[in-house]
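There are 2 protein chains.
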Amino acid sequence: MAKESAGGAASAEYDPHAFPPFAVTADVAVFTQTRQGLEALLVERGEDPFAGCWALPGGFVKPEESLDEAAARELEEETGIRGGAYLEQLRAFGAPDRDPRMRVVTVCYVAVVPRLPKPEGGGDAARAELVPVSRVLSGRVKLAFDHREIFRAALEHVRTRLEYSPIATAFCGDVFSLTELRAVYEAVWGEELDPANFRRKVLGIPGFLEETEGTRQWQGRGRPGKLYRKGKAQRLDPPFRRAG
Amino acid sequence: MAKESAGGAASAEYDPHAFPPFAVTADVAVFTQTRQGLEALLVERGEDPFAGCWALPGGFVKPEESLDEAAARELEEETGIRGGAYLEQLRAFGAPDRDPRMRVVTVCYVAVVPRLPKPEGGGDAARAELVPVSRVLSGRVKLAFDHREIFRAALEHVRTRLEYSPIATAFCGDVFSLTELRAVYEAVWGEELDPANFRRKVLGIPGFLEETEGTRQWQGRGRPGKLYRKGKAQRLDPPFRRAG
DNA sequence: TCAAAAGTGTTAATTCTACACCCATGT
DNA sequence: ACATGGGTGTAGAATTAACACTTTTGA
Chain S
1 MAKESAGGAA
11 SAEYDPHAFP
21 PFAVTADVAV
31 FTQTRQGLEA
41 LLVERGEDPF
51 AGCWALPGGF
61 VKPEESLDEA
71 AARELEEETG
81 IRGGAYLEQL
91 RAFGAPDRDP
101 RMRVVTVCYV
111 AVVPRLPKPE
121 GGGDAARAEL
131 VPVSRVLSGR
141 VKLAFDHREI
151 FRAALEHVRT
161 RLEYSPIATA
171 FCGDVFSLTE
181 LRAVYEAVWG
191 EELDPANFRR
201 KVLGIPGFLE
211 ETEGTRQWQG
221 RGRPGKLYRK
231 GKAQRLDPPF
241 RRAG
Chain Y
1001 MAKESAGGAA
1011 SAEYDPHAFP
1021 PFAVTADVAV
1031 FTQTRQGLEA
1041 LLVERGEDPF
1051 AGCWALPGGF
1061 VKPEESLDEA
1071 AARELEEETG
1081 IRGGAYLEQL
1091 RAFGAPDRDP
1101 RMRVVTVCYV
1111 AVVPRLPKPE
1121 GGGDAARAEL
1131 VPVSRVLSGR
1141 VKLAFDHREI
1151 FRAALEHVRT
1161 RLEYSPIATA
1171 FCGDVFSLTE
1181 LRAVYEAVWG
1191 EELDPANFRR
1201 KVLGIPGFLE
1211 ETEGTRQWQG
1221 RGRPGKLYRK
1231 GKAQRLDPPF
1241 RRAG
């Protein structure tokens, strides 16, 4: 086999077929927030290996699509959500023995969606369900392959991004009250935040939120809150730091 | 082709050969600091496509090695550095047309090494050279494939990590003075830092630095500084924030 | 009118920043 | 001794955290 890189330094000869073939998949860790708190979308495997275990939704990258497109397609197939959702690559996982059948490199993505319409597999998935993140972390949910490791990395990614990106708004609908947004931070970080200070901090970040005219109606007792929309900022500067 | 994922939901049948074959490479963006400031290691391509262009060092992932191992191997082949260097995955790049010859997914790594012994290719590379980062960013260096995009992402990664990880110490040798460490931040961020405040900030981060007995001898005029070693901390908490 | 949540104000503690100043060393 | 960089001190500014207080609504 040629030692030479496809993208690296020069070598004497090049044989377009002299490379070890890999399967490449795109897996997506989909997070959302429900009454139960932070939840993730998992699918139950119907066959070996790991039959009966749960796995992140995903599938082969097609020959003509990019990695991002593959992830977006998988997300849509599983959730029906086309665009607008937060979708970002985490990283690739490729231990030689991560799939006992063949050499598979999986490129993992993190997706954040507002309250999922319903946990129904897009058509072919055996069973897709929203599972509380705490249940996965506690080990009560058996995950296939190295998906436990991936899941942990994905969750850590979301927790970190909450400080520096507007990712938190992706958990909410088109418009949302500050209390709803605060609930996202509290659910993901697992700690309570002072409503007054939260308001000032979050409104003080330029481009993070955009004011709207509306107010929340439905919510019962207490004064309704103003509604906000996601702003144009791509990065939170200054970041919304978690308590230190 | 099976729609089914190797790691995803269940399907009726499984054919171990029904997946589109990809080539998978590991590319490494190697950064170091020299008298000229921040520099990166690039290799010159000797053949098409992109003959005469520069590229990140890299090569095929072997069937039996992990992605991390492949990156570490490439790093060693190009720099002679075995361990101890900072090496972390950035992310995968896999646009369908990024290599005109075939479908290649490259898993990119960022490496940070202390002053490179000498820019000699580990044996087979046509020409490996340290190139000032500013020259690459200015577009005066032609990069092959999508390596310009990768390079930019890698540099941004280093700049960001400087705040939250002890990556800055990887630019220095085994022991280093605070001035040497500060020079790293100044080179990567391109802004001057107050020596007094830098000292307090950096020494105030638990586990970041470890005091040693020695002092810098060689440096000429001025009082020699104490030498420090990298501490055990994996994350900088509180982070060393860049000026806002 | 009472409870609950939205929203504003205030203050003490903490952290930054800028810069003055002393210390140690090579020339 | 003097120039240069290491290292400490410190005062004002800016930020933060905690919580009191007022406003608006549903019940």
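If you're matching them up, the sequences are chains S and Y in order.
Its first residue numbered 1, the first sequence is counted upward by one per residue in my numbering.
Its first residue numbered 1001, the second sequence is counted upward by one per residue in my numbering.
Cβ coordinates follow ideal geometry from the N, Cα and C atoms, glycine included.
### For D99(S) and F145(S), believed in contact at Cβ under 8 Å, the rounded distance
Taking the first residue of the first sequence as position 1, residue 145(S) is located at position 145. Taking the first residue of the first sequence as position 1, residue 99(S) is located at position 99. Going by Cβ atoms, the distance from F145(S) to D99(S) rounds to 6 Å, so yes, they are a contact pair.
### Message
Could you pull the DSSP bridge partners for D1027(Y) from this structure?
### Response
What you label residue 1027(Y) is simply residue 27 of the second sequence in a count that begins at 1. Beta-bridge pairing links D1027(Y) to G1058(Y) and C1108(Y).
### Task
Taking only beta-carbon positions, decide if E1213(Y) is within less than 9 Å of chain S.
The residue you call residue 1213(Y) lines up with position 213 of the second sequence. No, because no Cβ of chain S sits closer than 9 Å to the Cβ of E1213(Y).
### Message
The alpha helix (DSSP H) that contains T179(S), what's its start and end?
### Response
Taking the first sequence and counting its residues from 1, the one referred to as residue 179(S) is at position 179. Counting along the chain, the alpha helix (DSSP H) containing T179(S) begins and ends at L178 to W189.
### Query
How many Å lie between E78(S) and A70(S) at the Cα?
Numbered from 1 along the first sequence, position 78 holds the residue referred to as residue 78(S). Numbered from 1 along the first sequence, position 70 holds the residue referred to as residue 70(S). Between the alpha carbons of E78(S) and A70(S) lies a distance of about 12 Å.
### Message
Give me the DSSP bridge partner(s) of G37(S).
### Response
If you number the first sequence from 1, residue 37(S) lands on position 37. G37(S) pairs with T34(S).
### Task
Report the neighbours of F19(S) on chain Y: residues whose CB is nearer than 7 Å to its CB, in chain order.
Sequence index remark: in the first sequence, residue 19(S) carries index 19 (1-based). One finds A1023 and F1060 in chain Y with Cβ atoms closer than 7 Å to the Cβ of F19(S), taken in chain order.
### Query
How would you list, in chain order, the residues of chain S whose beta-carbon sits under 8 Å from the beta-carbon of E1064(Y)?
Here residue 1064(Y) refers to the residue found at position 64 when the second sequence is read from its first residue. P96, listed in chain order.
### Message
Please confirm whether F1151(Y) has its beta-carbon closer than 9 Å to some beta-carbon of chain S.
### Response
Here residue 1151(Y) refers to the residue found at position 151 of the second sequence. So no, F1151(Y) is outside the interface.
### Message
Please classify G59(S) as buried or exposed, where buried requires at least 16 neighbouring CB atoms within 10 angstroms.
### Response
The count along the first sequence starts at 1 and reaches residue 59(S) at position 59. Buried, by the Cβ-count rule.
### Message
I'd like to check one pair, V112(S) with I270(S): are the Cβ atoms closer than 9 Å?
### Response
This structure leaves residue 270(S) out entirely; chain S is present only between 1 and 244.
### Reduced DSSP category for F50(S) - H, G, I as helix; E, B as strand; rest coil
The residue labelled residue 50(S) in the question sits at position 50 within the first sequence. DSSP places F50(S) in coil when its eight states are reduced to three.
### Query
In terms of residues, what are the limits of the beta strand (DSSP E) holding T169(S)?
What you label residue 169(S) is simply residue 169 of the first sequence in a count that begins at 1. Careful: T169(S) lies outside any beta strand (DSSP E) and carries neither H nor E.
### Query
How many angstroms separate the CA atom of R1241(Y) from the CA atom of I1205(Y)?
For the purposes of this step, residue 1241(Y) is identified with residue 241 of the second sequence, where counting begins at 1. For the purposes of this step, residue 1205(Y) is identified with residue 205 of the second sequence, where counting begins at 1. Cα-Cα distance, rounded: 11 Å.
### Of the listed residues F176(S), P96(S), L90(S) and D48(S), nearest to L227(S) (C-alpha basis)
Here residue 227(S) is taken as the residue at index 227 of the first sequence, counted from 1. When the alpha-carbon of L227(S) is set against those of F176(S), P96(S), L90(S) and D48(S), the nearest one is in F176(S).
### Query
Do V24(S) and L56(S) have their C-beta atoms within less than 9 Å of each other?
Within the first sequence, residue 24(S) is the residue found at index 24, counting from 1. Within the first sequence, residue 56(S) is the residue found at index 56, counting from 1. Not in contact: V24(S) and L56(S) (Cβ atoms no closer than 9 Å).
#### Entry: Nearest candidate by alpha-carbon position, reference T169(S), set A95(S), L87(S) and W54(S)
As a working note, residue 169(S) is residue 169 in the first sequence. Nearest of A95(S), L87(S) and W54(S) to T169(S), Cα basis: L87(S).
### Task
Quick one: grab the DSSP three-state call for E192(S).
On the first sequence, position 192 is the one that residue 192(S) refers to. Reduced to three states, the DSSP call for E192(S) is coil.
### Query
If we ignore side chains and look at the alpha-carbon of each, how far apart do P63(S) and R1103(Y) end up?
If you number the first sequence from 1, residue 63(S) lands on position 63. If you number the second sequence from 1, residue 1103(Y) lands on position 103. Roughly 7 Å separates the two Cα atoms.
### Query
CB V105(S) to CB F22(S), shorter than 9 Å?
Reading the first sequence from its first residue, position 105 is the one you call residue 105(S). Reading the first sequence from its first residue, position 22 is the one you call residue 22(S). Closer than 9 Å, so yes.
### Query
Closest to E1210(Y) by CA distance: which of D1194(Y), A1233(Y) and Q1089(Y) is it?
Taking the first residue of the second sequence as 1, we reach residue 1210(Y) at position 210. E1210(Y) has its Cα closest to that of A1233(Y), out of D1194(Y), A1233(Y) and Q1089(Y).
### Task
Quick one: using the 10 Å Cβ neighbour count with 16 as the cut-off for buried, is R1045(Y) buried or exposed?
The residue you call residue 1045(Y) lines up with position 45 of the second sequence. That one is buried.
### Task
Check each candidate in P114(S), E213(S), L90(S) and A18(S) and name the one with the smallest Cα separation from C172(S).
Working through the first sequence from its first residue, we reach residue 172(S) at position 172. If we check each option's Cα against that of C172(S), P114(S) comes out closest.
### Query
Can V1184(Y) and L1203(Y) be called in contact, C-beta distance under 9 Å?
Numbered from its first residue, the second sequence carries residue 1184(Y) at position 184. Numbered from its first residue, the second sequence carries residue 1203(Y) at position 203. No, they are not a contact pair.
### Against chain S: residues of the segment 1065-1088 of chain Y by CB proximity under 7 Å
Cβ contacts with chain S: E1065, S1066 and L1067.
### Message
Closest to A243(S) by C-alpha separation, out of W189(S), P224(S) and G231(S), would be which residue?
### Response
Along the first sequence, read from residue 1 onward, the residue named residue 243(S) stands at position 243. Closest by alpha carbon: W189(S).
### Query
What separation, rounded to the nearest whole angstrom, lies between the Cα atoms of G222(S) and R229(S)?
In the first sequence, counting from the first residue as 1, residue 222(S) sits at position 222. In the first sequence, counting from the first residue as 1, residue 229(S) sits at position 229. Between G222(S) and R229(S), the C-alpha separation is close to 22 Å.
### Message
I'd like to check one pair, A26(S) with V61(S): are the Cβ atoms closer than 9 Å?
### Response
Residue 61(S) sits at position 61 when you count from the first residue of the first sequence. Residue 26(S) sits at position 26 when you count from the first residue of the first sequence. Yes, the Cβ-Cβ distance between V61(S) and A26(S) is below 9 Å.
### Task
Pull up the distance between the alpha-carbon of G1231(Y) and that of R1200(Y), whole angstroms please.
The residue labelled residue 1231(Y) in the question sits at position 231 within the second sequence. The residue labelled residue 1200(Y) in the question sits at position 200 within the second sequence. G1231(Y) and R1200(Y) have their C-alpha atoms roughly 16 Å apart.
### Task
Would you kindly report the start and end of the unbroken alpha helix (DSSP H) that includes R135(S)?
Along the first sequence, read from residue 1 onward, the residue named residue 135(S) stands at position 135. Here the alpha helix (DSSP H) through R135(S) covers V133 to L137.
### Query
Closer than 8 Å, Cβ to any Cβ of chain S: which residues of the segment 1098-1110 of chain Y, in chain order?
D1099, R1101, M1102, R1103, V1104, V1105, T1106 and V1107
### Task
Count the other C-beta atoms from every protein chain shown that fall within 10 angstroms of the C-beta of A40(S), then say buried if there are 16 or more, exposed otherwise.
By one-based count along the first sequence, residue 40(S) stands at place 40. A40(S) is buried by the Cβ-count criterion.
### Rounded separation between Q36(S) and F93(S) - CA only
Counted from its first residue, the first sequence places residue 36(S) at position 36. Counted from its first residue, the first sequence places residue 93(S) at position 93. So the two alpha carbons sit approximately 30 Å from each other.
### Task
Starting from the C-beta of F1208(Y), find all residues in its chain whose C-beta is less than 7 Å away, skip the five residues before and the five after it, and write them out in chain order.
Taking the first residue of the second sequence as 1, we reach residue 1208(Y) at position 208. Contacts found: P1166, V1202, G1231, A1233 and L1236.
### Message
Is there a C-beta anywhere in chain Y that falls below 9 Å from the one on L203(S)?
### Response
Along the first sequence, one-based indexing puts residue 203(S) at 203. So, not an interface residue.
### Task
With DSSP as the reference, label A1095(Y) as helix, strand or coil.
Within the second sequence, residue 1095(Y) is the residue found at index 95, counting from 1. It is coil, neither helix nor strand.
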